[in-house]
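Worksheet: the structure to be examined is printed underneath.
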Amino acid sequence: MTAHPAMAFGREKRILLGLLALLAPLPLPLNETLGWSFLAIYLLGVVVFIRHAASGSDRWLSPWMMNVLGLLYLPLFVIDLRAFSGGRLVGPMLHLGLFAILIKLASLRRERDKWQALMGIFFVFLASMATSVHPSIVLFLLVFLAGGLYLLMRFAFLHLVAGFGQRDPALLRLPLGAFLGTSVLMTLVFSVPLFALLPRVSSPYVNVRGTGTGTIIQASGFSDEVTLDSIGRIRESRAVALRARFDDPARTGIDQRYKGATYDVYDGGSWRRSPRVRSFSRSNEGPVRLVEGAPESWATLWLRPLASRSLPLPTETRLFDIELPRLGLGTGGAVILPFPPVEVLEYRAALGGDDLSAALDPPAAGPEVPTLDPRGLTPAMRTMAAEVMGKEGTTADRIRRLESHLATQYTYTLDFVGREITNPLEDFLFRYKSGHCEYFASAMVLLLRAEGVHSRLVTGFLGGEVNPLEGYTIVRQSNAHAWVEAYIPDEGWRTFDPTPAAGRPESVAPSTWSLVTQAWDFLIFRWDRYVLTFGFEDQLQLFGSLKDLWARLWSPRVPATELPPPADVVPDDSPIEPLPELSPRRWSDSVWIVGGLVTATIALFWWLVRRRLRGPLTATGVYRRLRKDLAGAGLPVAESLAPLTLERRAGRRFPDLAEPMRRIVSLYLEESFGGRAVVGAARQELADALGQTRRGLRGRSAEG
Amino acid sequence: MQLSISASDPVSSIRALETNVARVIQGKEGAVRLAAVCLLARGHILIEDVPGVGKTTLAHAIARSLGLAFHRIQFTSDLLPSDIIGVSIFSQEKQAFEFLPGPLFSNVVLADEINRASPKTQSALLEAMSDHKVSVERKRYTLPEPFIVLATQNPLEFHGTFPLPESQLDRFLMSLRLGYPPVEDERRLLLGGGVEEVLENLEPVMTGDDLLALRERVTKVQVTEKLVDYMLALAEKTRQSSDFILGVSTRGLQSLYRSVQAYALAEGRDYAVPDDVQRLASPVLAHRILLKRGGDLDAARRAIEGLVASVPVPI
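Sequence lines, in order, name chains C and W. Numbering-wise (our numbering), the first sequence opens with residue 1 and increments by one. Numbering-wise (our numbering), the second sequence opens with residue 705 and increments by one.
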């Protein structure tokens, strides 16, 4: 052990450790991998630890208590593994790691514990790295490592110094606050611009809810084959499915439909997805046109991983734009993704006035036509269809008669306990006369087919919750719905919904309580939007705005130009413009900006260092220097030497300098213990006295 | 010469007191300064030294300079508590017991050779010193303010003495040691024909109210946090070091704090500096600690001084 107890730096090391622990899970895609609640507990624990460390208390959790806590967590870990994470390992392992670190921090007592906790923190950091690879995160890691290394070296140095009996209090006092503040600031200063400006290395997260597990795909209601109860299952979940922001404020909050998947063939109680008719790669086609007709406004959608290959689009969509290399289009006009999305997917859709479907026109007639496929039809259903729809009026009138018949004569229920199902649709129509949207829609499709009207089942979302904080709509899985598309000759495919109004997912007006949850959702949305899916387009946009800002800064006389109008909707016949390429000119811009930032940072750092080295003229600083100079001149200056005693001894040793030294010491005492800063004339006096003593003491050591 | 000085100029009034005392105690500026500090810091003084170096004279001079009610009690082994506190006597006129206050009921009490009294009598003094109150037959009587006990004891006397217990020692703010005067002063003393006459003619230079006002002033002296930390570090060292059986108590720390304030005021500052702490560490703390290897007050003083030399001074 070292001679000096203060040389152990226990308190400083603990605080530093706590701060590092606080930073460690930062790069995690928080809302995906770690529950917010778990993270909150972790952060709370670390904050308590830091407070404890800062108070210098030495009483920590005892080892047996730590063991008990560790044992208590084991059953929780099993539950975590089985119930919350569906058998996947990464999330629970991260939980376990964080928990272990927390326990370790709480039981810190010896030097060895600190290094163990530090290693734990590092591994959590590595684990969080694995969930998202990004230059800024790599940089963050480097800064973290460099900081840790610097700290290690510094501690080693101080221990060494202490070992040789050096007891300069200036060495003892680590500029911990300044060091941590600066390193955090530097990390931000470096990583934020790099995050925002460098091309992204996008890599899917290792662990996202809903990938690769069959149960969730079935529950989503958008898989290739759905049973009649798929929607019922998905509607039990309150998880957010997608968020949508409409440029036209009038559309926000209306009963918007988002079409997800279409189903043509009904066989043995389940529906089969409409086949794919077209694949297209985006690079040569740009925005994808679905339906002819002039778009009116744009909507931006963010789809969360839903374990489904369907891309929900508003039913009024004319064209849409998404950053994916390949897409498929079904015969029913639904867009099919190449794979289930594993991160938040952002796309834009241009909307027209009505809900004309993008589906292909059906062939004339015949039993082989899927939209007239007679499977599942029974004689009773045929009779009923003929009765309800009648012969009078246009096709549209007849369809509407059936729609309103179902909506008024049947009741909505999600409760199926005790039902015996032989033929679900027949039971629904003639026996129970109640069911949920999938029953209503399926029945209507079959009844329409009995009367020769082309029709299909559509699944998607209806309505949502308007979040007033940023004017976007939250669509939850409970907003899942099923409805009908029917073909009206000379018009096209139209949407019909036989489900009674009581059974449809509602558009919810924000209430007081939901404001809280919406504020929370807003935070998650922001995280999704500006951290997780901050992509190439965003970077281009940022470049543009930075360039504008730069230009405006240097030509102040030019009035600030208005923001460019929103992206023009491509007219009907004009060729679709390809996405702008990142030109060399833009690259040079980015080099300039990054270079400027780096230069500015280095300048700032240099300024800080110089400030620290020079410092403003304080009597305390001058007194410190006087002590050092006197020690250099051969006067023994022990740590325990009090200022007035020093002044007396130095005055005896160097009588010619007694007066300026007396002035320095008295000004120092006034400043340091009397609370009176050196200002005005006293400042000059101090500077003069310093100059005098320094000149006087120069070269005195030889005499001493 | 009657000097009544207002507390508005604390330094000169403290100087006047010191000058006055120094007329009889020559060549002992340090001890006189500490005695004055003790008065300012509401403390009691224990003067410990061999006979004949002026312990009693110092106590006497302080009492006279303050112009307060003064009693000298010569402690002996047969002294009873009632001899110093007072007794209740049945009054024929009032047909009731009447309390006759003892010599303790005065502002300045000189307890001469305190270690000669029995522990019972010593502990009677104990309550008076800490609470400024005495209890007689289930009644409590308040002592006049200011109340100062100046006690003397001879460290070399062992025969028929009762050493003061730690609890009682802790109640003295400082323990002073006078030592022999410098040769020059001693020579002058011999030629001058003694100090008795000077002592007899000593005029008070400060009233009780002046002293109380000065004491109020002392509490306003600034002590920065780092200086408090420094004092705490010193105390902590006495508690943790293997050289000590008994470290500095919390009361001891409070005493140090108050003395440092008073010393700073006496030095003409309204803030305390590390030098004040270093100067006062040994007089305030030495009689409160117990060394493991035993030893007298001198050994304790040396230990405290060694300790001061090992704790870094805050800058």
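All C-beta atoms in this analysis are idealised placements derived from N, C-alpha and C, irrespective of residue type, glycine included.
Counted as a single uninterrupted DSSP element, the beta strand (DSSP E) harbouring G330 (chain C) occupies residues 326–330. For S986 (chain W), no chain C residue has a Cβ inside 8 Å of its Cβ, as the nearest lies near 14 Å away. Nearest CB-CB separation between E639 (chain C) and chain W: below the 8 Å threshold. E722 (chain W) has its alpha-carbon roughly 10 Å from the corresponding atom of I729 (chain W).
For L644 (chain C), the neighbours in chain W by C-beta distance under 7 Å run, in chain order, V977, D979.
The stretch 839–859 of chain W and the stretch 798–817 of chain W touch, with no fewer than 3 CB-CB distances between them shorter than 8 Å. The beta strand (DSSP E) runs lying completely inside the stretch 886–961 of chain W and spanning 3 residues or more are 948–950, given in chain order. Rounded to the nearest whole angstrom, the CA to CA distance from I766 (chain W) to E900 (chain W) is 14 Å. By the neighbour-count definition (other C-beta atoms within 10 Å, threshold 16), W483 (chain C) is a buried residue. In the three-state reduction of the DSSP assignment, L345 (chain C) falls in the strand class, which pools E and B. At the C-beta level, L1001 (chain W) and P885 (chain W) stay beyond 8 Å of one another. With a threshold of 16 other beta carbon atoms within 10 Å, H863 (chain W) falls short and is exposed. Neighbours of R243 (chain C) in chain W, taken as residues at a C-beta separation under 7 Å, are lacking, since the least C-beta distance is about 53 Å. Within the model, the alpha-carbon separation for E470 (chain C) versus G452 (chain C) is close to 46 Å. In the DSSP assignment, K433 (chain C) falls outside any beta strand (DSSP E) and carries neither an H nor an E.
For the stretch 664–677 of chain C, the set of positions with a beta-carbon nearer than 9 Å to some beta-carbon of chain W reads Y668, L669, E670, S672, F673, G674, G675, R676 in chain order.
DSSP places Q116 (chain C) in the helix class (H, G or I) of the three-state scheme.
Listed along chain C are E639, S640, L641, A642, each with a C-beta nearer than 7 Å to that of V1017 (chain W).
By the CB criterion at 8 Å, L462 (chain C) and H436 (chain C) fall outside the cutoff. Considered as a whole, the stretch 757–819 of chain W harbours 774–778, 790–795, 800–805, 812–816 as its complete beta strand (DSSP E) runs of no fewer than 3 residues, in chain order. A residue is called buried when at least 16 other Cβ atoms come within 10 angstroms of its Cβ; M661 (chain C) meets this threshold and is buried.
For the stretch 934–945 of chain W, no residue has a beta-carbon sitting nearer than 7 Å to a beta-carbon of chain C. At a cut-off of 8 Å between C-beta atoms, L931 (chain W) counts as an interface residue with respect to chain C. Under the Cβ criterion of 8 Å, S1014 (chain W) is counted among the residues facing chain C.
The beta carbons of P643 (chain C) and V665 (chain C) sit closer together than 8 Å. Under DSSP, W483 (chain C) shares a beta bridge with C:V458.
Residues of chain W with a Cβ closer than 7 Å to the Cβ of T620 (chain C) are, in chain order, I1019. In this chain, the beta strand (DSSP E) harbouring D267 (chain C) covers 257–267. A Cβ-Cβ distance of about 4 Å is found for the pair K759 (chain W) and T856 (chain W), placing them in contact under the 8 Å criterion.
For R624 (chain C), a Cβ of chain W is located within less than 8 Å of the residue's own Cβ. The three-state reading of DSSP puts V964 (chain W) in helix, counting H, G and I together. Contact between Y487 (chain C) and H454 (chain C) holds: CB atoms are separated by about 4 Å, below the 8 Å threshold. In the three-state reduction of the DSSP assignment, S308 (chain C) falls in the coil class, being assigned neither a helical nor a strand state. DSSP, read as helix, strand or coil, puts P489 (chain C) in coil. Proximity of chain C to Q926 (chain W) at the Cβ level (cut-off 8 Å) is accounted for by F673, G674, G675, in chain order.
Per DSSP, reduced to three states, the secondary structure at V736 (chain W) is helical.
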